[in-house]
RNA sequence: GUGGCUAUGGUGAAGCGGCAUCACGGCAGGAUGUGGCCCUGCAAUCAGCGGUUCGACUCCGCUUAGCCACCCCA
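In my numbering, the protein residues as written are 20 to 459.
Here is the structure:
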């Protein structure tokens, strides 16, 4: 009872996407969908919650996402498995891929998604507990060209969003099943020699996942990293060639990149190519707009047939904040054709049937049925930005006519309702041409 | 999870230990059937709870939320 007030605010780390924000969402969804469809990807939607072990097995028990950021749902019965809100998209899609036998579809299998993800972390700018990711996955191809294609699509999406001039692509390789083991071993034995110099965080990372020491921001760890073994030098021949071919592919496309030898990603399932898009201007890690990489073992690890895969995901809220920061022009499509004005009860009823007919004919309309005076209704028509006002008074209600007032020119005429459609079309077209002329 | 800063009508801001102001927006009007300008009026238990005080929006504590940094990620 203490918290009447608490009930009236959005839970921590969530937000309302208000009407004035929607143009950004519409813009992003539209560009994203179009690109994915043009690359012949198919849309997939998986549940917002999954069994917890789906994520503990894939992302890694020791990763921060699993160890401290999972949103567990309350159990309702004895012996029920743990359910969690999905912290990312890939695991669920891989699960669906196996569950529905998608390995029998013609390869490559290409899927894309857009939806909310949930992580229980402390909110900050650009970081929410419920946030949206857009992303895609390609199953069944281990060719480096497939990695290039994935990066190309990611890049193209960001290009459509007019963000590429401010963004940099970082890339690295984490090695395959075999050499990643060696790399981990090499790193472990190297850092073991200096473990008393590592920060406490990295000290425990050493036992859990030595790769993560590489992107520690602490000065002391970084200097150890710099003089230590490089992943690239310990890649097996195949992985080296793979990386080489990916880079050649990017050169071919003219996509510039930074080879960052200490780029590792927060999810344990990555193998070989990993990449990330960051804001050039911003050095902090928080500026990560999105990233992805190859995960050749995950499908098999879940019990599916061995299937190589690459994926990408980006944060929608971060994209929106960049669109705002760089003042990207978002097309505004909203316009109002007619505003319906009534005087008297009879007219009010007419307004509703007229609204039905007008929308059937494809016009947009608005009205204020709660307002009575002509003056205030006209004010509303003006505020809503209507091109035309249609006025129905006592007289008009009786003889099936309306007063058509052009709000831009203030000219007015009385027309019969059965003639209305054509006259409206003409006037709206004229108004549209006039406004276009004004813009040029 | 740790530390710092912040919290005033819908929005953005002023303000002071004792009448809470301004702009924009909203609503209702400005003579009965005509908008955009203008004018008038209306709307805030000053985030919540508790304490100090004769008296607190103003000082103190807690809670909640936001911002920033760390951690980590999108």
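Think of the CB as a built atom: it goes at the ideal place given N, C-alpha and C, for glycine as much as any other residue.
Since the structure is predicted, the reported quantities are computational estimates derived from the model, not experimental observations.
Measuring straight from C-alpha to C-alpha, what distance separates residue i and residue j?
i, j, result
"residue 173", "residue 342", "16 Å"
"residue 84", "residue 311", "16 Å"
"residue 376", "residue 357", "12 Å"
"residue 294", "residue 162", "16 Å"
"residue 222", "residue 228", "10 Å"
"residue 61", "residue 220", "41 Å"
"residue 460", "residue 90", "Outside the displayed range of the chain (20 to 459) lies residue 460, so it cannot be described from this structure."
"residue 297", "residue 339", "14 Å"
"residue 285", "residue 39", "34 Å"
"residue 394", "residue 416", "19 Å"
"residue 405", "residue 263", "59 Å"
"residue 429", "residue 36", "37 Å"
"residue 444", "residue 423", "12 Å"
"residue 193", "residue 314", "10 Å"
"residue 446", "residue 455", "14 Å"
"residue 373", "residue 152", "42 Å"
"residue 433", "residue 380", "20 Å"
"residue 82", "residue 236", "17 Å"
"residue 210", "residue 325", "33 Å"
"residue 122", "residue 278", "33 Å"
"residue 290", "residue 199", "8 Å"
"residue 378", "residue 441", "14 Å"
"residue 100", "residue 86", "17 Å"
"residue 280", "residue 253", "12 Å"
"residue 28", "residue 144", "18 Å"
"residue 183", "residue 299", "10 Å"
"residue 67", "residue 419", "52 Å"
"residue 171", "residue 42", "26 Å"
"residue 321", "residue 71", "13 Å"
Between the beta-carbon of residue i and the beta-carbon of residue j, is there less than 8 Å?
i, j, result
"residue 336", "residue 150", "yes"
"residue 282", "residue 191", "yes"
"residue 47", "residue 230", "no"
"residue 308", "residue 330", "no"
"residue 195", "residue 257", "yes"
"residue 127", "residue 158", "yes"
"residue 411", "residue 366", "yes"
"residue 166", "residue 251", "no"
"residue 142", "residue 206", "no"
"residue 201", "residue 132", "no"
"residue 399", "residue 355", "no"
"residue 69", "residue 138", "no"
"residue 359", "residue 409", "yes"
"residue 188", "residue 275", "yes"
"residue 113", "residue 269", "no"
"residue 175", "residue 45", "no"
"residue 130", "residue 156", "yes"
Drop a sphere of 10 angstroms on the beta-carbon of residue i, count the other beta-carbons inside from all chains shown, and report buried for 16 or more, exposed for fewer.
i, result
"residue 478", "Nothing can be reported for residue 478: it is not among the residues displayed for the chain, which extend from 20 to 459."
"residue 120", "exposed"
"residue 421", "buried"
"residue 350", "exposed"
"residue 169", "buried"
"residue 116", "buried"
"residue 361", "buried"
"residue 327", "buried"
"residue 51", "buried"
"residue 344", "exposed"
"residue 448", "exposed"
"residue 79", "buried"
"residue 414", "exposed"
"residue 389", "exposed"
"residue 118", "exposed"
"residue 242", "exposed"
"residue 396", "buried"
"residue 306", "buried"
"residue 368", "exposed"
Residue i and residue j look like a contact to me (Cβ under 8 Å); what is the Cβ gap, rounded to whole Å?
i, j, result
"residue 154", "residue 332", "3 Å"
"residue 136", "residue 108", "7 Å"
"residue 73", "residue 92", "Not quite, the Cβ-Cβ distance comes to about 13 Å (not below 8 Å), so this is no contact."
"residue 225", "residue 233", "That pair is no contact at about 12 Å."
"residue 148", "residue 31", "7 Å"
"residue 240", "residue 197", "No, residue 240 and residue 197 are not in contact; Cβ-Cβ is about 27 Å, not under 8 Å."
"residue 403", "residue 385", "5 Å"
Jot down the residue ranges of each uninterrupted beta strand (DSSP E) in the region 111-142, minimum 3 residues, whole runs only, in chain order.
Annotation note: the region 111-142 contains the following uninterrupted beta strand (DSSP E) runs of length 3 or greater, listed N- to C-terminal: 128-137.
Considering only residues of the region 230-286, which uninterrupted beta strand (DSSP E) runs meet the minimum length of 3 residues and lie entirely inside it, listed in chain order?
Complete beta strand (DSSP E) runs here, min 3: none at all.
Secondary structure, alpha helix (DSSP H): runs of 4+ residues fully inside the region 339-385
DSSP runs (the alpha helix (DSSP H)) wholly in the region 339-385: 364-379.
Could you give the uninterrupted runs of the alpha helix (DSSP H) lying entirely in the region 175-234, keeping only those of 4 residues or more?
For the region 175-234, the full-length alpha helix (DSSP H) segments reaching 4 residues or more read 196-212, 219-227 along the chain.
Enumerate, from N- to C-terminal direction, the unbroken beta strand (DSSP E) stretches of 3 or more residues contained entirely within the region 412-451.
Counting whole runs of 3 or more residues, the region 412-451 contains the beta strand (DSSP E) stretches 420-425, 431-435.
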